[in-house]
Structure formats: C-alpha cells, structure tokens
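At position 175 of the sequence shown (counting the first as 1) the number is 174 in numbering that gives the first Met the number 0, and the numbers step up by one without a gap.
These notes are about the structure you will find just below.
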Amino acid sequence: MNGSGPPVVVVDPAGAFSGMRPLADVVDALSTRFTVLTYDRRGRGRSTDTAPYAVEREVEDIAAVTELAAEPSMLFGFSSGAALALHAAAGHVSLKRLVLLEPAVDLDGPPDTAFTAELDRLVRAGRRAEAVEFFNRAIGVPEEWIDGLRAHPAWDGLQALAHTLLYDASVTESVTRQVLARVEVPTLVLVSEGSGSPLREWSEAVAAAVPRSTVRHLHGDWHRVDSETLTSVIISTG
Numbered sequence: 000m001n002g003s004g005p006p007v008v009v010v011d012p013a014g015a016f017s018g019m020r021p022l023a024d025v026v027d028a029l030s031t032r033f034t035v036l037t038y039d040r041r042g043r044g045r046s047t048d049t050a051p052y053a054v055e056r057e058v059e060d061i062a063a064v065t066e067l068a069a070e071p072s073m074l075f076g077f078s079s080g081a082a083l084a085l086h087a088a089a090g091h092v093s094l095k096r097l098v099l100l101e102p103a104v105d106l107d108g109p110p111d112t113a114f115t116a117e118l119d120r121l122v123r124a125g126r127r128a129e130a131v132e133f134f135n136r137a138i139g140v141p142e143e144w145i146d147g148l149r150a151h152p153a154w155d156g157l158q159a160l161a162h163t164l165l166y167d168a169s170v171t172e173s174v175t176r177q178v179l180a181r182v183e184v185p186t187l188v189l190v191s192e193g194s195g196s197p198l199r200e201w202s203e204a205v206a207a208a209v210p211r212s213t214v215r216h217l218h219g220d221w222h223r224v225d226s227e228t229l230t231s232v233i234i235s236t237g
C-alpha cells in the first residue's frame with residue numbers, strides 16, 4: 000500500500016509479480032494522488048497457492064485486498080488482469096469503478112485448447128523457460144520483448160511462476176457476455192492505437208458488452224501505453 004487518497008487496486012497481467020511489475024512506473028505516479036494497493040496474484044511471488052485452481056479464489060483475493068481500504072476502490076487491470084477485474088466486478092466485489100487496459104478477452108472465439116494443452120505439457124515437463132517463451136509468442140509478444148524478459152533480473156522468478164500462466168488462460172477464457180452483463184460499475188476500457196487487431200477488436204467488444212462502459216483509444220505501442228499518458232487518464236477518471 001503506497002500513497003494517500005482514494006483507493007486504487009492494481010490487478011497484474013500474466014507473468015507479473017512484485018519482482019517484475021510492468022506498470023511499476025504507473026503505480027509510483029498514481030501514489031501521489033491515490034492510495035495504491037498492489038499484491039502478488041495467487042501462486043506468484045510472495046503469495047501462496049491452493050489446488051485445484053479456480054478463478055473464484057482469485058476473485059476472493061481481490062475482495063480481501065479491497066477490504067483493506069476504507070471505501071470502495073477503483074480497480075485497474077491490465078490484459079488478463081483486466082479480465083480478472085471483470086470477474087471481480089461481476090462477482091459483486093464492492094468497487095467504485097473499473098479502468099481496464101486492453102482486456103485480453105475474445106468473446107466470440109472458441110477456447111484455444113491446443114494452446115492450453117501445449118502450455119500445460121511444457122509446465123508438467125518442468126520446461127518452465129520454454130513455457131514462458133511459448134506463452135508470450137502465442138499471444139503475440141514481439142520477439143525483442145521476449146529477449147528482454149530473458150535478460151531481466153527477475154527471469155528466474157518468472158520461470159518459477161510459469162504454471163500460473165495456465166491460470167491466466169482460465170481467467171480470460173471464462174469471461175463471457177453473461178459475465179460482462181453482471182458488471183454494474185462504471186467501466187473505462189483503454190486501447191492502445193499501436194496494438195491493432197485482434198486486441199483492439201477484443202477490447203471494443205468488451206466495452207460494448209459491459210452496461211456502463213466507455214472506450215478510449217490512446218497513443219501507444221503493441222499492448223502498451225506510455226506511463227505518463229496512462230497515469231493522466233487514470234487520475235482524471237478517479
């Protein structure tokens with residue numbers, strides 16, 4: 000918990016944890032205006048895990064974090080973290096609003112069972128580095144970014160949580176239009192102009208399916224928005 004002001008809970012994307020949080024600059028900047036609550040998602044970093052995995056347990060984790068605040072929180076989620084934030088809102092966690100950066104949800108496509116099966120095979124075989132690389136390539140991460148992950152000081156920690164990438168697959172694949180129809184809080188969906196298809200279409204479809212939502216396109220790269228721009232938008236929303 001950092002800063003002071005209205006509470007904001009940050010829900011990390013796949014592979015992120017306290018040792019490698021892609022939105023760390025945004026978290027720091029938001030703490031000048033908000034009380035920012037971050038946490039390691041289930042099975043990551045300093046958080047424990049409980050088998051078998053269920054999305055409902057992650058929703059309970061978010062509820063527990065929001066209860067640390069004295070008032071309903073803004074929930075900010077990125078990618079699969081945005082998908083999990085939608086589950087939390089649909090599950091009636093007490094929230095003020097949602098801000099979602101490119102929820103990685105394909106509402107109209109079938110579950111990619113081949114992707115999930117291969118990821119599971121690599122994890123079960125103990126080939127964790129390969130699992131992390133496979134996951135990132137499959138979702139479209141540029142190769143130079145994957146090279147950057149390998150060189151990152153937290154690479155060992157990222158390999159250690161490779162099994163949680165299967166959790167992210169469960170989170171995103173279980174978001175349906177029926178789930179989104181239960182989201183009652185105001186929701187802002189942010190889209191990077193640099194992402195292109197299919198992330199843009201997925202995000203716009205999510206915004207169309209959430210009853211009280213708006214969508215905003217921001218200048219940025221693939222699945223990324225400049226930290227200063229993103230911070231400014233979140234502050235203006237809160």
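Don't be surprised by glycine CBs; every beta carbon is placed ideally from N, CA and C.
This one's a predicted model, so the numbers in the text were calculated from it and none came from an experiment.
Under the three-state reduction of DSSP output, Phe134 falls in the helix class. One thing to note: Val104 has its Cβ within 7 Å of the Cβ of Ala82.
Here Ala137 is not near Gln158, since their CB atoms are 7 Å or more apart.
Inclusion of Gly14 and Thr34 in the CB contact set at 7 Å is not warranted, their separation being larger than that value. The three-state reading of DSSP puts Val9 in strand, counting E and B together.
Taking the C-beta atoms as reference points, Ser78 is found no nearer than 7 Å to Pro141. Listed in chain order, the alpha helix (DSSP H) elements of length 4 or more contained wholly in the region 95–160 are 112–123, 127–137, 142–150, 154–159.
For Arg215, the enclosing beta strand (DSSP E) begins and ends at 212–217. The three-state reading of DSSP puts Gly76 in strand, counting E and B together.
A distance of 7 Å or more separates the beta carbons of Arg41 and Phe16. Secondary structure note for Val35: its beta strand (DSSP E) is the uninterrupted segment 34–36. Under the criterion of beta carbons closer than 8 Å, Val232 and Val205 do not qualify as touching, at roughly 17 Å. Counted as a single uninterrupted DSSP element, the alpha helix (DSSP H) harbouring Leu198 occupies residues 198–208. Ranked by Cα distance from Gly219, the options Leu121, Ser194, Pro6 are led by Ser194.
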